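Residue numbers (the numbering used here): 24 to 498. Down below is the structure, laid out as structure tokens.
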RNA sequence: GGUCUCGUCGUCUAACGGUUAGGACGCCAGGUUCUCAUCCUGGCAAUCGGAGUUCGAUUCUCCGCGAGAUCACCA
């Protein structure tokens, strides 16, 4: 059996969003699963669309997700270069083979003339076929005009790893352009040459190419080479509509998810399970699980909608199962500014308290700020509280004074705090919902916070008591 | 308009032609002496429609309907 060699071949025209990364992920998984090679190739044959910095961005995105490639533009490999604009002579050589065998010819028409043909077909509600206008005696090709493939229309049936058995009639086969008048090859031509030269065993790509496959098959035949196995994955759709997920609809750069504090492992798990499952009820797949269990024939044929809530849940699940010290290194850049003057031990303790409620790292500041700085008194926390708003200012003051008295004698370890808070419940004959809420609000000024005793223990006596006092003063 | 593809809870998805159509996210309710979260329990919720084949159809066939892709000197 031939070695597994898969590739990810983006055009450097922008960032990589979740939809785009999926084909890269699948290709990577197959390569790793079979101890094969994963190859990165830049398809930069349209110079007009190229975006400055996109190459670096694409490579950074793959790196961030841990999708390491074995051959590529920056690291080379046995079939270098891995950039199409640096391989023009290869395409010329292959084009000459077709010219020699009579399977390619110069397109004598101007772009405007072809547009006229196209408009005509459209007006007649027909699909446009260039070959209906194929010239009888095309001039010799001198490179100043497009070079077209001379197709041999016929019906095809073929197998797609995801879609299953597919078939089309001869009416979809056409004389597409191999080399543009600027000397660059089209995608349709270049990828076939490169995949053959680079010995790619399996092509994984989005469904926008599905309709072109019969044309590719026709070209493979003209070259007398066997096509690689093909897998067509459906698009990932936007969250609200049925549109393909695209940059225009606000699809986010995968690097933005990393910046927001999503874990690469969670992102990969999420993207993989968007349209794929292993047939069991497992939801969480480690990278190794995915490598072992991934299979193209379990990939869904229809497009999946992108649901960020599910990604959040998954990321939270990964965060929760992380060892604390590992999580600590991950969140280093995400602490609120006020945390800089606090030491490792303090922050580690804080992190331990919020670990189970953290969905992504950039939430860390809002979740932990009150551990590092006194927040301004927010009267609404009491006036909108369904129990506390019923109490008079005098009652509130009494409770806070009682709390102050009890806490001032505490050793401020969790155990002692719990004991004293429980005593205070009996003393004041209050429900926890009243007493604990009040103390929690006074000492945190936050709508939500971790357990009361644990929070107080971290804050310490000085700060806790000062905050209770501040709350009393503000009543 | 031609061609191709797809169609199970709101979302992601399971189900050799035989299941009370399962799981997960989300949502709702309850429990875990405060909030938020976690965890646990329970609940709501789906086979696009119509024929046909069959003892029996989510599954096979056909016709509708809906959705997506494509018909570029873009990939």
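All residues carry an ideal CB built from backbone N, CA and C; glycine is no exception. Since this is a predicted model, take the numbers as computed values, not measurements.
Query                                                                                                                                                                                                : Result
Count the other C-beta atoms from every protein chain shown that fall within 10 angstroms of the C-beta of residue 406, then say buried if there are 16 or more, exposed otherwise.                  : exposed
Assuming residue 63 and residue 31 make a contact with CB atoms under 8 angstroms, what is their CB distance in whole Å?                                                                             : 6 angstroms
Assign residue 124 to one of two classes, buried (16 or more other C-beta atoms within 10 Å of its C-beta) or exposed (fewer than that).                                                             : exposed
With distances taken Cα to Cα, identify the nearest neighbour of residue 319 among 252, 60 and 40.                                                                                                   : 252
In terms of alpha-carbon separation, which member of 217, 435, 374 and 300 lies closest to residue 117?                                                                                              : 217
Just checking, does the segment 305-312 make contact with the segment 152-168 on the three C-beta pairs under 8 angstroms criterion?                                                                 : no
Do residue 34 and residue 72 have their CB atoms nearer than 8 angstroms?                                                                                                                            : yes
My assumption, with CB atoms under 8 angstroms, is that residue 389 sits in contact with residue 343. Please give the rounded CB distance.                                                           : With 8 angstroms as the limit, residue 389 and residue 343 do not qualify as a contact, their Cβ atoms being about 18 angstroms apart.
Evaluate residue 185 with the Cβ neighbour count: other Cβ atoms within 10 Å of its Cβ, from every protein chain shown; 16 or more gives buried, anything less gives exposed.                        : buried
So residue 129 and residue 164 are supposed to be a Cβ contact under 8 angstroms. How far apart are they, rounded?                                                                                   : 4 angstroms
Which residues in the same chain have their Cβ closer than 6 angstroms to the Cβ of residue 126, if we skip the five residues on either side of it in sequence?                                      : 173 and 245
Would you grab the beta carbon distance between residue 467 and residue 460 for me? Rounded to a whole angstrom, and I think it's under 8 angstroms.                                                 : Residue 467 to residue 460, Cβ: 11 angstroms. No contact.
Suppose you measure from the CA of residue 28 to the CA of residue 436; what does that come to, to the nearest Å?                                                                                    : 59 angstroms
Three or more C-beta pairs under 8 angstroms: does that hold for the segment 272-288 against the segment 330-349?                                                                                    : yes
Determine whether the beta carbon atoms of residue 262 and residue 329 lie at a separation below 8 angstroms.                                                                                        : yes
Considering only DSSP beta bridges, list what residue 181 is partnered with.                                                                                                                         : 189
Rounding to the nearest angstrom, what Cα-Cα distance links residue 189 and residue 181 in this structure?                                                                                           : 5 angstroms
By a C-beta neighbour count over all protein chains shown, 10 Å radius and 16 as the cutoff for buried, is residue 303 buried or exposed?                                                            : exposed
Does the segment 366-373 come close enough to the segment 450-465 that 3 or more CB-CB pairs lie under 8 angstroms?                                                                                  : no
Taking residue 453 as the reference, give the member of 235, 280, 276 and 421 with the closest Cα.                                                                                                   : 421
Which partner residues of residue 106 appear in the DSSP bridge assignment?                                                                                                                          : 65
Is the segment 196-215 touching the segment 137-155 in the sense that three or more CB pairs, one from each, lie closer than 8 angstroms?                                                            : yes
Flag this pair as touching only if the segment 52-71 and the segment 84-97 have three or more C-beta atom pairs under 8 angstroms; answer yes or no.                                                 : yes
Can the beta-carbon of residue 427 be found closer than 8 angstroms to that of residue 488?                                                                                                          : yes
Please report the straight-line C-alpha distance between residue 317 and residue 51, rounded to a whole angstrom.                                                                                    : 11 angstroms
Only counting the same chain, and skipping five residues up and downstream in sequence, which positions put a Cβ closer than 8 angstroms to that of residue 239?                                     : 211, 215 and 250
For residue 307, report the span of its beta strand (DSSP E) as first-last.                                                                                                                          : Here residue 307 belongs to no beta strand (DSSP E), and DSSP marks it neither H nor E.
Assuming residue 300 contacts residue 337 (C-beta within less than 8 angstroms), just tell me the rounded distance between them.                                                                     : Rounded, the Cβ-Cβ distance is 14 angstroms, inconsistent with contact.
Looking at residue 392 and residue 346, is the spacing between their C-beta atoms short of 8 angstroms?                                                                                              : no
How close, in whole Å, do the beta carbons of residue 277 and residue 84 come, if the pair is a contact with beta carbons under 8 angstroms?                                                         : 5 angstroms
Could you work out which residue in 494, 247, 387 and 131 is closest to residue 362 when comparing CA atoms only?                                                                                    : 387
Please report the Cβ distance between residue 192 and residue 178, rounded to the nearest whole angstrom; I am assuming they are in contact, meaning their Cβ atoms lie under 8 angstroms.           : 5 angstroms
On the criterion of 16 or more Cβ atoms from any shown chain inside 10 Å, does residue 6 qualify as buried, or is it exposed?                                                                        : In this structure the chain extends from 24 to 498, so residue 6 is not present and cannot be described.
Quick one, which of 314, 496, 44 and 56 has its alpha-carbon nearest residue 399's?                                                                                                                  : 496
Cα separation between residue 241 and residue 175?                                                                                                                                                   : 7 angstroms
Please work out which residues of its chain come closer than 8 angstroms, Cβ to Cβ, to residue 104, disregarding the five sequence neighbours upstream and downstream, and give them in chain order. : 96 and 110
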